[in-house]
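Numbering (the working numbering), first residue to last: 5 to 73.
C-beta atoms are modelled at their ideal positions from N, C-alpha and C, and glycine is treated no differently.
Since this is a predicted model, take the numbers as computed values, not measurements.
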């Protein structure tokens with residue numbers, strides 16, 4: 005089976021998506037991903053800020069405790 009040669013791809017110098025002239029790459033590759041893409045996004049919890057003299061018993065990652073003692 006002969007290998008398939010892909011068409012040229014251009015990577016912008018200032019960042020951004022790879023622009024592909026290949027029909028398969030453009031449809032299924034990086035250039036095909038948009039804001040409505042089905043790629044899963046990380047669901048990050050909102051950090052909580054606690055102000056007081058007693059630290060929280062079970063702080064979550066990203067939580068902040070400001071000691072006023």
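Proximity winner among 61, 65 and 55, relative to residue 73 (alpha-carbon distances): Locating residue 73 in the chain shown gives position 69, where the first residue counts as 1. Between residue 73 and the set 61, 65 and 55, the nearest pair of CA atoms involves 55.
Member of 63, 59 and 58 whose CA lies at the smallest distance from the CA of residue 50: Against the chain shown, residue 50 aligns to sequence position 46. Measuring from the Cα of residue 50, the nearest candidate turns out to be 63.
Residue 57 beta carbon less than 8 Å from that of residue 68: Here residue 68 corresponds to residue number 64 of the chain shown, with the count starting at 1. Here residue 57 corresponds to residue number 53 of the chain shown, with the count starting at 1. Not in contact: residue 68 and residue 57 (Cβ atoms no closer than 8 Å).
Simplified DSSP state of residue 56, which is helix, strand or coil: Sequence index remark: in the chain shown, residue 56 carries index 52 (1-based). DSSP places residue 56 in strand when its eight states are reduced to three.
Buried versus exposed, by CB contacts within 10 Å (16 or more), residue 60: As a first step, residue 60 must be located in the chain shown, where it is residue number 56. The residue in question, residue 60, is exposed, as its Cβ has fewer than 16 Cβ neighbours within 10 Å.
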